[in-house]
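Just so we're aligned, residue 17 is where the sequence shown starts under the numbering used here, counting upward by one. Don't be surprised by glycine CBs; every beta carbon is placed ideally from N, CA and C. Below is one structure, written out as structure tokens; the observations come after it.
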Amino acid sequence: MTSQPLNPSIIAALGDFEKSNAPSVWANLDKKQVLAEIKIRLNDPFQVNQGGQPFCGPASILFELIRKQPLRYVQICRSLFETGSFQGQTKRIQATERLRRSQGRLRMSQADWMVLATLRESENLIFPVEPDAPDILRNLAGMTKSWEIKGWTSEVLGYRQVKYIHTYIYGETEALNTAAQVIASGGVAFALITAEGLLGNGNKPFLPYPNHWITILGNISTQRGLLWSNDTGRFSMDVYSWANKYHIDLGKGPFEDYFWGVVWGSM
């Protein structure tokens, strides 16, 4: 899953970063290591990995940033490494001094951690809670919320039209058909799911709840089936999560149990 040869502007930006004498503002990061990991991800965005951290939302955003805006990815990494912040579309995204001075085992690559930890830390500081969001989502502690994914889709990825379609009761077909149209036109789509239900091979959860964000890649198929029957109909799609490409293919009933909504962004 490698990309095309890097654009000369990206190569130049990497060279400028490499030659820069500006010191790091991070206590735990090595410049050579960070640069090496950036180059690996530019050649293969599927290397982005949240590791052992609860960074699924930011990881989904970072994956699409590298795929669609590789030069901006390099610029954001350099700005974060040298200044501890970067400019979003309307806000300055800042890593706190506490985060920059943190020590210990990162449980993931340095380049990913620098970006993902900054996004995760600042989520609830810059994006106001949506008061009309469903209680089940508002009450989930320690996880990226739909309004935060919407915020990053706008601030980091720069999409002007951003919307969340929730599927708590119904709406899976509409959400996926919309996602397919958005992706085909150059936009992005992120799904909120129950990871054990859609990505796991083991026992399915007895009481499903939303706990994981994934990037929808495409190859979407929706077979609605009979409205009154969960035994007919089928949904399938390709997604990114945990540094891998997955193909989800499930019947209507189980898919609806584990699929909670889509955030999409387009120009």
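Let me know the secondary structure DSSP gives MET159 once reduced to three states. coil
Would you identify the three-state DSSP class for GLY213, choosing helix, strand or coil? helix
How far does the beta strand (DSSP E) with ASP32 in it reach, from first residue to last? Not the beta strand (DSSP E): ASP32 falls in the alpha helix (DSSP H), residues 24-35.
Is DSSP giving GLY73 helix, strand or coil here? helix
Just to confirm the assignment, what range does the alpha helix (DSSP H) spanning MET298 have? Residue numbering for the chain in the displayed model covers 17 to 283; residue 298 lies beyond these limits and cannot be assessed.
Does the beta-carbon of ARG83 have 16 or more other beta-carbons within 10 angstroms, so that it is buried, or is it exposed? buried
Let me see if you follow: with CB-CB separation under 8 Å, is GLU212 close to chain C or not? Protein chain content of the structure displayed is limited to a single chain, and chain C is not contained in it.
How many angstroms separate the CA atom of HIS263 from the CA atom of ASN37? 44 Å
C-alpha gap between ASP265 and ILE232, whole angstroms: 13 Å
Under 8 Å by Cβ, that's how I've got GLY249 and LYS261 pegged, so tell me the actual separation to the nearest angstrom. Their Cβ separation, rounded to whole angstroms, is 24 Å, which puts GLY249 and LYS261 out of contact at 8 Å.
Own chain partners of ALA259 with C-beta closer than 7 Å, once the 5 adjacent residues on each side are dropped: PHE62, GLN63, VAL64 and ASN65
Would you kindly report the start and end of the unbroken beta strand (DSSP E) that includes THR238? 228-239
Report the three-state DSSP secondary structure of ALA111 (helix, strand or coil). coil
Apply the 10 Å Cβ neighbour rule to ASP128 and answer buried if 16 or more other Cβ atoms are within range, or exposed otherwise. buried
Please check the pair PHE172 and GLY281, which I expect to be a contact at CB under 8 Å, by giving their CB distance rounded to whole angstroms. It is Val, not Phe, that sits at residue 172 in the sequence shown. VAL172 to GLY281, Cβ: 10 Å. No contact.
Would a C-beta distance cut-off of 8 Å place ILE26 and VAL131 closer than the cut-off? no
Is it a yes or a no for the segment 100-120 touching the segment 204-216, going by three-plus beta-carbon pairs under 8 Å? no
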